[in-house]
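Numbering (my numbering), first residue to last: 49 to 191. Don't be surprised by glycine CBs; every beta carbon is placed ideally from N, CA and C. A short worksheet on the structure shown next.
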């Protein structure tokens, strides 16, 4: 749910083709208002994409930027099933490794990277190549 409390807010989008999820993106956001959703949508979603969301009020103003945005009432176990499954996969994965809230965005980045590259036969080569391009991070910054 979007009731904040002590929870961290995360926005997630999935790309679907032929009834399956092909890509996933997620970012930590301070709140679920249009101000925070708009940059995420602009970064990850084409203006020509068909977009389905629930009736959350933060999505409403985005209809002017994304003409194919359609809002639907969220009916449990009826619509948004693949999206909810992806959210449950993320939550289960986070429970296994998530240790500090300050590291939530790197955890989200790792989850989406793993998901988006799950079928890539060159995965190991990409991983090593990416690691070699990055500057070393001292252990003090990781803890």
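Within 9 Å, strictly: CB atoms of residue i and residue j
{"i": "residue 114", "j": "residue 89", "result": "yes"}
{"i": "residue 127", "j": "residue 105", "result": "no"}
{"i": "residue 165", "j": "residue 171", "result": "yes"}
{"i": "residue 111", "j": "residue 117", "result": "yes"}
{"i": "residue 76", "j": "residue 54", "result": "no"}
Those residues which DSSP pairs with residue i across a bridge
{"i": "residue 68", "result": "65"}
{"i": "residue 170", "result": "Answer is none; residue 170 lacks a bridge partner."}
{"i": "residue 100", "result": "118"}
Residue i to residue j span [Cα, whole Å]
{"i": "residue 103", "j": "residue 109", "result": "12 Å"}
{"i": "residue 185", "j": "residue 130", "result": "36 Å"}
{"i": "residue 83", "j": "residue 73", "result": "18 Å"}
{"i": "residue 144", "j": "residue 162", "result": "15 Å"}
{"i": "residue 151", "j": "residue 69", "result": "26 Å"}
{"i": "residue 92", "j": "residue 191", "result": "30 Å"}
{"i": "residue 134", "j": "residue 59", "result": "12 Å"}
Residue i, buried or exposed, once every other Cβ within 10 Å from all chains shown has been counted against 16
{"i": "residue 107", "result": "buried"}
{"i": "residue 167", "result": "exposed"}
{"i": "residue 85", "result": "buried"}
>> When you compare the segment 140 to 150 with the segment 57 to 65, are there three or more beta-carbon pairs, one atom per stretch, that lie closer than 8 Å?
In response: no
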